[in-house]
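Just so we're aligned, residue 5 is where the sequence shown starts under my numbering, counting upward by one. Using N, Cα and C, we set each Cβ at its ideal position, and we do this for glycine too. The structure appears below as C-alpha cells.
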Amino acid sequence: MQDSIIRFFRTKIYTALILLALVLLFGVLGFRIISGYSWIDSLYMTVITITTVGFGEVQPLDDASKIFTVLLILFSVIIVGYALTVITEYILSGNKLDQLKQKNMQKKIDDLKNHIIICGYGRNGKQAAKKLLDYKKSFIIIEYNKEIIEKYQSDDILFVYGNANEDKVLLEAGIERASTLISALPDDADNLFVVLSARQINKEMTIISRAAQETSCDKLKLAGANNVILPDQIGGDHMASLVVVPDLLEFIQNLSVIGERNINIEEIHVNKLYDPSTNIKTIRDLDLRNKSGCTVIGYKASNGDYLVNPESDIKLMPDSKVIVLGRPEQIHKLNALFNLD
C-alpha cells in the first residue's frame with residue numbers, strides 16, 4: 005500500500021512538471037511568433053508572466069500580444085497552482101505515510117490473539133523470529149532501534165517501536181492477549197524488568213527469557229519466567245558434544261522440526277487426536293505406529309512433566325501432548341489422518 009501511494013504521488017509530480025514545461029514552451033513560442041520577440045526576450049516575458057512578478061514588458065504589446073498574455077496568465081495560474089499543490093502534498097506525504105503505516109500495523113496487532121511477543125531483535129531475537137516464521141506463528145517484535153525497524157519491517161514481521169521495559173509499549177504489543185513472551189534483550193537487568201512487568205500484566209502467559217549470566221537464572225524465574233535460556237552455555241555444550249558424541253549430534257541435527265516436506269518430529273496435543281473428555285485412551289489404543297508409521301517418543305502431562313519413551317499403556321490425559329518421530333512422509337500421513345494441518 006505504501007509503495008502504491010508513493011507511485012501515485014510521483015505520477016502526479018511528473019504530470020505537473022510536464023504541464024509546467026508545456027506552458028513555458030507555449031509562452032516562448034507565442035511571444036516569439038505573435039510579438040516577434042527574440043528567443044531570450046520571449047523566455048523572459050514568459051517567466052515574468054507565469055510567475056506574476058510584475059516586471060515591465062520588453063516592448064509595448066499590441067492587441068494580439070495582450071490577448072495571448074491574458075490567456076497565458078490564466079493557463080499558468082491554474083497549472084502553477086496545481087504544481088505547487090502536488091509538490092506540497094509530496095513533501096508532507098512522508099509523515100502521512102509513516103502515520104498510515106503505523107496505523108495499519110497497529111490495526112494488525114490489535115486483531116491478534118494468542119500471539120507471541122519478542123522483545124529485542126538482536127541475534128537471539130532474529131533466530132526466534134525465523135523459527136516462528138517457519139512455523140507460521142503470529143508474533144510481534146518490540147524494538148527501540150528505529151533503523152532496525154525500517155530495515156526489517158515487512159508484512160510478515162510486525163514491529164512496535166519503544167522500550168520493552170515500559171508497560172505502555174507492552175500493552176501496544178497486545179500483551180494481555182498474548183500467549184507467550186520471549187525476552188531476548190542483551191542485558192540481564194533489562195530482561196528481568198521485562199519479565200517482571202509482563203508477569204504482572206498477564207499472569208497466564210508463558211515467558212521465556214535470555215540470560216547472559218548463570219546467576220541471573222534464579223532471579224528471572226523468581227520474577228516470573230517459565231524458562232531461562234543461556235545461549236553461551238548452549239553453544240559451549242554443542243561444541244563439546246561435537247567432540248564427545250559427534251555421530252549422535254549429527255543424527256539429532258538431521259532431525260528436522262520445520263519445513264514443508266522434511267519434518268521428522270512433531271508435537272501434538274492429545275485433544276487433537278481424540279476427545280479425552282469421553283473416554284481416556286492409551287498410546288496403544290491410538291495405534292499411531294500401525295496407522296501412520298510414526299513412533300511416540302515422548303509424553304508431556306498437563307502439569308508439565310515429561311516422560312521419554314513412554315510405555316504403550318500410559319493414559320493420554322486431557323491437555324497433554326505427545327511427541328512423535330517419523331520420516332517426513334509418515335508425519336504427513338499422520339497429519340492427514342487426524343486433520344492436523
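Simplified DSSP state of residue i, which is helix, strand or coil
i, result
"LYS140", "coil"
"THR92", "helix"
"TYR148", "coil"
"LYS117", "coil"
"VAL32", "helix"
"ILE301", "strand"
"GLN6", "Low per-residue confidence applies at GLN6: pLDDT is 49, beneath 50, and the placement is therefore not dependable enough to give any value."
"LEU329", "strand"
"VAL62", "coil"
"THR286", "strand"
"LEU76", "helix"
"GLU170", "coil"
"ILE122", "strand"
"LEU338", "helix"
"ILE71", "helix"
"LEU344", "coil"
"GLU2", "The first residue shown for the chain is 5 and the last is 345, placing residue 2 beyond what the model contains."
"ILE17", "helix"
Start-to-end residues for the alpha helix (DSSP H) that takes in residue i
i, result
"ASN275", "274–277"
"VAL51", "43–55"
"LEU292", "292–296"
Spatial neighbours of residue i in its chain, beta-carbon cut-off 7 Å, leaving aside the 5 residues before and after
i, result
"LEU210", "Here residue 210 is Thr; the residue named in the question, Leu, does not match the sequence. Hits under 7 Å: SER183, THR184, ASN230."
"LEU329", "ASN268, ILE269, CYS298, THR299, ILE301"
"VAL199", "SER187, ILE211, SER213, LEU224, ALA227, GLY228, ALA229"
"ASN3", "The structure shown has nothing for residue 3, since the chain only spans 5 to 345."
"GLN217", "ASP192"
Terminal residues of the beta strand (DSSP E) in which residue i lies
i, result
"PHE163", "162–165"
"LEU311", "310–312"
For residue j and residue i, believed in contact at Cβ under 8 Å, the rounded distance
i, j, result
"GLY353", "LEU76", "The requested residue 353 does not occur in the structure, where the chain is confined to residues 5 to 345."
"LEU341", "ILE284", "Between ILE284 and LEU341 the Cβ distance is about 20 Å, and since that is not below 8 Å, they are no contact."
"LEU253", "LEU246", "6 Å"
"LEU23", "ILE91", "About 12 Å; that fails the 8 Å criterion."
"ALA177", "ILE120", "Not confirmed; about 10 Å, so no contact."
"VAL164", "ILE152", "12 Å between Cβ atoms; not a contact."
"LEU338", "LEU292", "7 Å"
"PHE197", "ASN169", "5 Å"
"SER80", "ILE54", "4 Å"
"LEU290", "LEU277", "6 Å"
"ILE161", "ALA133", "6 Å"
"PHE72", "GLY34", "5 Å"
"VAL62", "ASP45", "5 Å"
Proximal residues to residue i (C-beta, below 6 Å), its chain only, five neighbours per side dropped
i, result
"GLU271", "LYS325, ILE327"
"PRO322", "PRO280"
"LYS125", "Here residue 125 is Tyr; the residue named in the question, Lys, does not match the sequence. Around TYR125: ILE145, GLU147, ILE152."
"LYS16", "VAL90"
"GLN334", "SER296, GLY297, CYS298"
"ASN118", "SER183"
"GLU93", "none"
"ARG36", "SER46"
Close-in-space but distant-in-sequence residues of the same chain around residue i (CB under 8 Å, 5 per side omitted)
i, result
"ILE205", "ASP171, LEU174, LEU175, ILE179, GLU180"
"ASP317", "THR286, ILE287, ARG288"
"SER220", "ASP192, ASN195, LEU196, VAL232"
"ALA20", "ILE83, TYR86, ALA87, VAL90, ILE91"
Discussion item. Report the start-end ranges of each alpha helix (DSSP H) in the region 172–256 that is 4 residues or longer and not cut off at the edges.
Written reply: 192–205, 219–227, 235–248
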